[in-house]
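Following numbering that gives the first Met the number 0, the numbering of the sequence shown begins with 0 at its first residue and continues without gaps.
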Amino acid sequence: MHLAVAARTDVGRIRKGNEDSLHASANAYRGLFIVADGMGG
């Protein structure tokens, strides 16, 4: 099986900083995907 991985975050129109974070990794046997949403107010 072939697994293609892509990831992107966006600061948006109002905020100056982006607190979102992500990690994606995969090998022939498994994938690991971590997503953390920032605490924007």
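Each residue gets a CB set at the ideal place from its N, CA and C atoms; glycine is no exception.
| Check | Outcome |
| --- | --- |
| Start and end residues, beta strand (DSSP E) containing T22 | The sequence given here places His at residue 22; Thr does not occur at that position. Looking at the DSSP string, the run of the beta strand (DSSP E) that includes H22 is 20 to 25. |
| Start-to-end residues for the beta strand (DSSP E) that takes in V10 | Where V10 is concerned, there is no enclosing beta strand (DSSP E), given that its DSSP letter is neither H nor E. |
| M0 versus G30, S20, A35, residue with shortest Cα-Cα distance | G30 |
| Three-state class that DSSP yields for A3 in the structure shown | coil |
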